[in-house]
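Enquirer: A single structure is presented below for examination.
Protein chains in written order, with the working numbering: chain A, 92 to 420; chain B, 92 to 420.
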């Protein structure tokens, strides 16, 4: 029986190499890394968060299962997470020092090496859709601030009232952050984290990645983190895709997302080894923290994080599905 | 005689490896790549441009020659080019669609892997100095727009009146660009190019890179190009540094600056081969154009460009100095 299966596998492999490769799809999403302690996360809250991660995975999987593009899958998944109030992106994003939600997002399609990004927008319900529109409907890759919103209006994208993004919990975090900052007390990591992202491999062998965030609570001066920086928080090419979450400044300084893919491409590192080297060694060496999700062209997944937890969910190349928050599960 | 020199060289090499390495310094700067045709560049204009490139090189070399840091050398060189009206950075930058000079800059110190960047500033005389202040005086890497100017004011940096940046030639380019755009006619490359940058290796073996630009004439929507994107237009690490100039969108999509250094670090490519592969193959494959300047830890230089010309000047590891515009010289 086993040898018969092996023969079939060998035959399929031969057919695959002679004609089209057997289609493999895979997808992984994240809802942010940080000090998610078991104590601070109530069972009720954990349940709704896991449910929203599942819904995002479903949205992406529906695309991939129908033979759709990785780009559509990551867009759909991130849109669900932006609409959820439990993550620091879209609705439920953190507030900046002016009491405004200031949103950044990027999307990249490894097929054609196309990218789009927006930073510092205040009235775009789904920043990932605007990042994608920048990629597909403008000659540019990155638009920031009011200009990005003017572009959105120009292509007929509706603007929402800034109050749409507000949640009471985030508002209270800002008040607390202002008190702590005045008193010179460090902010809890949960005020920083919660960025969302998705990476997918589609049946055509194309990889795409998308990331969306509200950045850091109480941020000032038009600060832009790694999420909308192509190569830092978001990257996809023919062989590899990454979306990052964490202390953005360190991820920019290490060009984290592209560095992982470059190790795979130029040195033949296994995806897991490359992601581990960057996230578990390079980032902490500089004093940063966070995590990434990554996929390679064979459908291998990696999701290392050097924090207590990272919200994540995946469907691997064999169709196995999972959701996890802490190490292990 | 030759064998005696060889012996000395071997002995110096042995001393170098046993104690500190013989200090090598090198520097290369650019003033933009584009369709600089010999016809369009008058001898008078060529002369003043070469003189300003020389002055920028002198400013950097003064730092390196005194044993100073690569970071200080690239900052000094870029500052001279920003102050010159002949390049698209600082004074003499192109105008955006609103008739405003909108400036971007980044600086990166491979020693400590630190970086700073600003985008979309309108009242900062030397954006490279603000990018450096972001790196050294803020917890952030990238600040954009009004927020970046608020940060500048907060650290005591003077703002200039936006009229400071204006040159009549750039203003006329904007008027012409608006007419051409209305008529659906493509813009000449000289309306796009002229970004400035510098990369240096200091006697301590540290590499730094800096880039500054006004972006594209008639740009809209808060467009940000590759210059302030760490990894795309500007990168430095322990082994390699790059500053790019060209059609920014393509340089972001290929993460050009970091990709060159990753090829050197992970595959052992010679700097020249890595820079050529990215600039002469990858960028044109996607439909883009431009060039880069690069230095590795041994003081090797590379300065490929796939356009008709690129303003550039250098002092190599053997102290040989040069200035060139077209291929060859």
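A virtual CB, placed ideally from N, CA and C, is assigned to each residue, including glycine.
Taking the CB atoms as reference points, tell me whether residue 336 of chain A and residue 381 of chain A lie closer together than 7 Å.
Expert: Taking the first residue of the first chain as 1, we reach residue 336 of chain A at position 245. Taking the first residue of the first chain as 1, we reach residue 381 of chain A at position 290. Cβ atoms of residue 336 of chain A and residue 381 of chain A: closer than 7 Å.
Enquirer: Compute the Euclidean distance between the alpha carbons of residue 147 of chain B and residue 329 of chain A, then round it to the nearest angstrom.
Expert: By 1-based counting over the second chain, the position of residue 147 of chain B is 56. By 1-based counting over the first chain, the position of residue 329 of chain A is 238. Between residue 147 of chain B and residue 329 of chain A, the C-alpha separation is close to 40 Å.
Enquirer: Quick one: Cα of residue 272 of chain A to Cα of residue 341 of chain A, how far?
Expert: Numbered from its first residue, the first chain carries residue 272 of chain A at position 181. Numbered from its first residue, the first chain carries residue 341 of chain A at position 250. Roughly 21 Å between the two C-alpha positions.
Enquirer: In angstroms with no decimal places, state the Cα-to-Cα distance between residue 66 of chain B and residue 375 of chain A.
Expert: Outside the displayed span of chain B (92 to 420) sits residue 66 of chain B, for which this structure offers no information.
Enquirer: Drop a sphere of 10 angstroms on the beta-carbon of residue 246 of chain A, count the other beta-carbons inside from all chains shown, and report buried for 16 or more, exposed for fewer.
Expert: The sequence position of residue 246 of chain A within the first chain is 155, counting from 1. The residue in question, residue 246 of chain A, is exposed, as its Cβ has fewer than 16 Cβ neighbours within 10 Å.
Enquirer: Just list the residues that DSSP pairs residue 331 of chain B with in beta bridges.
Expert: Position 240 of the second chain, counted from the first residue, corresponds to residue 331 of chain B. DSSP, once it has assigned bridges, lists B:387 as partnering residue 331 of chain B.
Enquirer: Can a CB atom of chain A be found closer than 7 Å to the CB of residue 396 of chain B?
Expert: Here residue 396 of chain B corresponds to residue number 305 of the second chain, with the count starting at 1. Not an interface residue.
Enquirer: With a threshold of 16 other CB atoms inside 10 Å of the CB of residue 338 of chain A, please say whether the residue is buried or exposed.
Expert: The residue labelled residue 338 of chain A in the question sits at position 247 within the first chain. Label assigned to residue 338 of chain A: buried.
Enquirer: Have a look at A:307, A:300 and A:156 and flag the residue whose alpha-carbon is nearest the alpha-carbon of residue 324 of chain A.
Expert: In the first chain, counting from the first residue as 1, residue 324 of chain A sits at position 233. If we check each option's Cα against that of residue 324 of chain A, A:300 comes out closest.
Enquirer: Would a C-beta distance cut-off of 7 Å place residue 357 of chain B and residue 358 of chain A closer than the cut-off?
Expert: As a position in the second chain, residue 357 of chain B is number 266, starting the count at 1. As a position in the first chain, residue 358 of chain A is number 267, starting the count at 1. Yes, Cβ-Cβ distance for residue 357 of chain B and residue 358 of chain A is below 7 Å.
Enquirer: Answer with buried or exposed for residue 326 of chain B, where buried requires no fewer than 16 other C-beta atoms within 10 angstroms of its C-beta.
Expert: Here the question's residue 326 of chain B lines up with position 235 in the second chain. With 16 or more Cβ atoms within 10 Å of its Cβ, residue 326 of chain B is classed as buried.
Enquirer: Runs of 3 residues minimum, wholly inside the segment 337-411 of chain B: which ones carry the beta strand (DSSP E) assignment?
Expert: If we require 3 residues or more, the beta strand (DSSP E) runs fully inside the segment 337-411 of chain B come out as 381-387 and 400-406.
Enquirer: For residue 234 of chain A, which three-state DSSP category applies?
Expert: Your numbering for residue 234 of chain A matches position 143 in the first chain. Reduced to three states, the DSSP call for residue 234 of chain A is strand.
Enquirer: How big is the Cα-Cα spacing for residue 364 of chain B and residue 349 of chain B?
Expert: For this step, residue 364 of chain B is matched to residue 273 along the second chain. For this step, residue 349 of chain B is matched to residue 258 along the second chain. For residue 364 of chain B and residue 349 of chain B, the distance between alpha carbons rounds to 14 Å.
Enquirer: Less than 7 Å between the C-beta atoms of residue 116 of chain A and residue 197 of chain A, yes or no?
Expert: Start at 1 with the first residue of the first chain, and residue 116 of chain A comes out as number 25. Start at 1 with the first residue of the first chain, and residue 197 of chain A comes out as number 106. Not a contact, by the Cβ cut-off of 7 Å.
Enquirer: So which residues of chain E does residue 377 of chain A contact, with C-beta pairs closer than 7 Å?
Expert: Looking for chain E here will not work: the only protein chains present are A and B.
Enquirer: Of all the residues that make up the segment 294-314 of chain B, which are near chain A by a beta-carbon distance shorter than 7 Å?
Expert: Within the segment 294-314 of chain B, the qualifying residues are 311, 312, 313 and 314.
Enquirer: With burial defined as no fewer than 16 other Cβ atoms inside 10 Å of the residue's Cβ, what is the status of residue 264 of chain A: buried or exposed?
Expert: Here residue 264 of chain A is taken as the residue at index 173 of the first chain, counted from 1. With 16 or more other Cβ atoms within 10 Å, it is buried.
Enquirer: Between residue 343 of chain B and chain A, is there a C-beta pair that is closer than 7 Å?
Expert: In the second chain, counting from the first residue as 1, residue 343 of chain B sits at position 252. Interface residue, yes.
Enquirer: Could you list which residues in chain B have their beta carbon closer than 8 Å to that of residue 464 of chain A, in chain order?
Expert: Chain A is shown from 92 up to 420; residue 464 of chain A falls before or after that span and cannot be answered.
Enquirer: Does DSSP put residue 219 of chain A in a helix, in a strand, or in coil?
Expert: Within the first chain, the letter at position 128 stands for residue 219 of chain A. Helix.
Enquirer: For residue 340 of chain A, decide whether its Cβ has a neighbour in chain B, counting only Cβ atoms nearer than 7 Å.
Expert: By one-based count along the first chain, residue 340 of chain A stands at place 249. By this cut-off, residue 340 of chain A is an interface position.
Enquirer: For residue 182 of chain B, count neighbouring Cβ atoms within 10 angstroms of its own Cβ and tell me buried if that reaches 16, exposed if not.
Expert: Taking the first residue of the second chain as position 1, residue 182 of chain B is located at position 91. By the 10 Å Cβ count, residue 182 of chain B comes out buried.
Enquirer: Report the rounded CA-to-CA distance for residue 192 of chain B versus residue 284 of chain B, giving the unit in angstroms.
Expert: Counted from its first residue, the second chain places residue 192 of chain B at position 101. Counted from its first residue, the second chain places residue 284 of chain B at position 193. Using only the alpha carbons, I get a separation of about 14 Å.
Enquirer: Closest to residue 248 of chain A by C-alpha separation, out of A:216, A:276 and A:226, would be which residue?
Expert: Taking the first residue of the first chain as 1, we reach residue 248 of chain A at position 157. The candidate whose alpha carbon is nearest that of residue 248 of chain A is A:216.
Enquirer: What would DSSP say about residue 177 of chain A, mapped onto helix, strand or coil?
Expert: Reading the first chain from its first residue, position 86 is the one you call residue 177 of chain A. Residue 177 of chain A: coil per DSSP, three-state reduction.
Enquirer: When you compare each of B:404, B:372 and B:367 to residue 121 of chain B by their alpha carbons, which one comes out closest?
Expert: Counted from its first residue, the second chain places residue 121 of chain B at position 30. Answer by Cα proximity: B:404.
Enquirer: How many Å lie between residue 262 of chain B and residue 278 of chain B at the Cα?
Expert: Start at 1 with the first residue of the second chain, and residue 262 of chain B comes out as number 171. Start at 1 with the first residue of the second chain, and residue 278 of chain B comes out as number 187. The straight-line gap from Cα to Cα measures roughly 15 Å.
Enquirer: Is the beta carbon of residue 268 of chain A less than 7 Å from the beta carbon of residue 168 of chain A?
Expert: Taking the first residue of the first chain as position 1, residue 268 of chain A is located at position 177. Taking the first residue of the first chain as position 1, residue 168 of chain A is located at position 77. No.
Enquirer: Note down, in chain order, each residue of its chain lying with its Cβ closer than 6 Å to the Cβ of residue 154 of chain A, except the 5 sequence neighbours on either side.
Expert: Your numbering for residue 154 of chain A matches position 63 in the first chain. So the list reads 163, 164 and 167, once near-sequence residues are dropped.
Enquirer: In this structure, how does DSSP classify residue 245 of chain A when only helix, strand and coil are distinguished?
Expert: Stepping through the first chain from its first residue, residue 245 of chain A is reached at position 154. Looking at residue 245 of chain A - three-state DSSP - the assignment turns out to be helix.
Enquirer: Under a three-way DSSP split, which group does residue 196 of chain A fall into?
Expert: The residue you call residue 196 of chain A lines up with position 105 of the first chain. It is a strand residue.
Enquirer: Residue 402 of chain B: buried (16+ other C-beta within 10 angstroms of its C-beta) or exposed?
Expert: In the second chain, residue 402 of chain B corresponds to position 311, counting from 1. The residue in question, residue 402 of chain B, is buried, as its Cβ has 16 or more Cβ neighbours within 10 Å.
Enquirer: At the level of alpha carbons, what is the spacing between residue 172 of chain B and residue 314 of chain A?
Expert: Locating residue 172 of chain B in the second chain gives position 81, where the first residue counts as 1. Locating residue 314 of chain A in the first chain gives position 223, where the first residue counts as 1. Going from the Cα of residue 172 of chain B to the Cα of residue 314 of chain A covers about 26 Å.
Enquirer: If you run the structure through DSSP and keep just helix, strand and coil, what is residue 159 of chain B?
Expert: Here residue 159 of chain B refers to the residue found at position 68 when the second chain is read from its first residue. Reduced to three states, the DSSP call for residue 159 of chain B is coil.
Enquirer: For residue 136 of chain B, does the three-state DSSP call read helix, strand or coil?
Expert: As a position in the second chain, residue 136 of chain B is number 45, starting the count at 1. In the structure shown, residue 136 of chain B sits in a helix (DSSP, three-state: H, G or I).
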